[in-house]
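Worksheet: the structure to be examined is printed underneath.
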Amino acid sequence: MRQLTFTCRPSPRHQFLRGRRRHFVTEADVRVVLDRLPGRLWERVKGVHFNDRARGRRCLGYVRQGRDEIALCSLPQRISLAAFLRRSQSPAQFGAVRGCQWPSLAVRRFMLYDVFLHELGHLQIVDEKAKSIRRKFADETRAQDFAEYWCRTLWSQPFDHPDPVHGPPTPEELEALNHGWKTSHGDYKKGLLCEESEQYEEAALLFTRAVERYPGHAPALERLGALTYAGKGTAQSTVGSIEILSEAVRLDPTLEDANLFLAMALAREGREAEARRCFERAMLIDSYHPLSMAVYADSLADWGCFDEAEALFLKALKKNDRCVMTIRDYARCLVRRPDPEGEANIGRAVELFARAVAIDPDDAESHYRLGDVLLCVDGEEERAVAQLEQALKIAPSHAKAAERLAEIQAERNGLDES
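Note that the UniProt record's numbering gives residue 157 to position 157 of the sequence shown, counting from 1, and the numbers run on in steps of one.
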């Protein structure tokens with residue numbers, strides 16, 4: 001494939017809407033579609049851009065003025081695209097049912113094999129001699145005819161690919177859709193409410209029921225996999241979470257939490273190469289947020305790749321220098337790092353933990369970490385005890401802080417007896 005430019009440039013408000021809007025397709029998805037098409041159809045294409053200019057959900061994609069670049073817009077997490085269908089189309093054509101929100105797989109099919117092909121249709125020259133761009137290139141009707149023709153053509157040809165987005169819905173998928181999607185999606189939405197209110201057992205039950213009723217419900221698989229990884233509301237199982245999250249990512253590679261939790265589960269199992277791929281995919285999906293970077297960097301430190309981890313922590317802090325979790329994990333990395341300049345690393349760690357405490361004085365974990373590292377510094381025991389006591393005051397159930405204070409008291413009692 002010839003060189004193309006792919007960019008992801010969300011609007012500034014994307015940071016505050018994280019979790020509400022996302023892109024349903026990726027660069028890899030677009031490349032597969034282009035590879036399946038004759039080269040003459042996309043010889044004008046110079047770039048494909050993913051942005052957040054949908055104006056709510058009124059615009060799914062567009063071509064730029066030069067008619068050589070295509071933009072695809074991010075959309076709400078849960079959406080129905082029935083309003084964008086032509087009379088010749090139906091929701092079932094893409095794997096959805098009328099009258100309710102669409103499965104993410106159906107949204108992905110529509111974005112790739114209707115919206116993207118439609119915008120590619122606008123790049124087709126219909127009148128070479130026309131002086132105006134509007135007359136030279138395909139209008140709305142011809143662009144949509146182009147999209148529908150090539151969708152039918154591509155889907156009529158056998159194509160072996162692990163991602164079901166590149167083919168029409170199977171009879172089994174449609175049967176499951178008609179019999180279970182509406183109730184499954186209802187259970188999923190109830191599960192989200194339970195998870196938000198920390199009713200994890202009920203949430204896990206609802207997500208499990210949603211998957212049983214419609215096995216292709218990728219977001220339900222994502223949440224169930226995350227709960228299984230954390231052991232919230234269900235038995236903790238790293239292997240089980242890998243199985244669940246792998247299926248979620250297969251159905252929808254654009255789910256950030258599915259990629260992130262899958263990466264953490266793989267890292268926990270020592271499958272470093274696979275974990276790296278998932279972490280990198282998660283960072284691509286959410287390139288404007290440091291969470292994926294920080295978690296990846298923490299795993300790199302666990303693997304002993306301290307230089308790589310520190311570089312990634314610094315990159316994450318450049319994007320958001322007030323993220324307490326990133327600051328805290330960076331400090332932990334410095335404490336664990338085997339280095340001849342160990343004292344210098346301890347000093348930097350103290351500064352970072354103190355910074356985390358200053359940003360969020362009510363975070364018990366930051367107080368505990370600061371107190372724990374201060375015990376490694378001569379003359380700072382009283383300050384360390386004060387931080388550990390503050391951690392227990394904020395979170396009386398903080399077992400590690402209580403244990404550390406008990407150890408300090410035992411050491412003092414031993415000194416008094418001697």
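Quick reminder that beta carbons are idealized off the backbone N, C-alpha and C, glycines included.
These numbers were taken from a predicted model, which means no experiment stands behind them.
query, result
"Check His-166 in the structure and name its three-state DSSP category.", "helix"
"What separation, rounded to the nearest whole angstrom, lies between the Cα atoms of Val-295 and Phe-306?", "14 Å"
"Going by DSSP, name the residue or residues bridged to Leu-75.", "Arg-22"
"Going straight from the alpha carbon of residue 459 to that of Pro-91, what length do you get?", "The chain is shown from 1 up to 418; residue 459 falls before or after that span and cannot be answered."
"Please name the residue or residues paired with Thr-5 in a DSSP beta bridge.", "Gly-47"
"Can you list, in chain order, the residues of its chain with a C-beta nearer than 7 Å to that of Leu-300? Leave out the 5 residues immediately preceding and following it.", "Glu-308, Ala-309, Leu-312"
"Would you decide whether Ile-133 is buried or exposed? Buried here means 16 or more other CB atoms lie within 10 Å of its CB.", "exposed"
"How do the region 197 to 217 and the region 177 to 185 stand: do at least 3 beta-carbon pairs fall below 8 Å, yes or no?", "yes"
"Just curious, the alpha helix (DSSP H) that Tyr-113 is in, first and last residue?", "Element bounds for Tyr-113: n/a, residue is neither H nor E."
"Taking the runs of the alpha helix (DSSP H) that are 4 residues or longer, which of them lie wholly in the region 231 to 268?", "238 to 251, 256 to 268"
"Please identify the residue among Thr-238, Ala-82, Arg-355, Val-249 whose C-alpha is closest to the C-alpha of Leu-266.", "Thr-238"
"I need the straight-line Cα distance from Arg-108 to Asp-127, nearest angstrom please.", "32 Å"
"Going by other Cβ atoms of all chains shown within 10 Å of its Cβ, with 16 needed for buried, is Arg-404 buried or exposed?", "buried"
"Does the contact criterion of 3 or more C-beta pairs under 8 Å hold for the region 162 to 173 versus the region 75 to 91?", "no"
"Kindly list the residues whose CB is nearer than 6 Å to the CB of Ser-184, restricted to its own chain and excluding five residues on each side of it in sequence; keep chain order.", "Ala-210, Arg-213, Tyr-214, His-217"
"Using the rule of at least 16 other Cβ atoms within 10 Å of the residue's Cβ for burial, across every protein chain shown, is Gly-270 buried or exposed?", "exposed"
"If we count Cβ pairs, one from each stretch, closer than 8 Å, do we get three or more for the region 147 to 159 versus the region 53 to 69?", "no"
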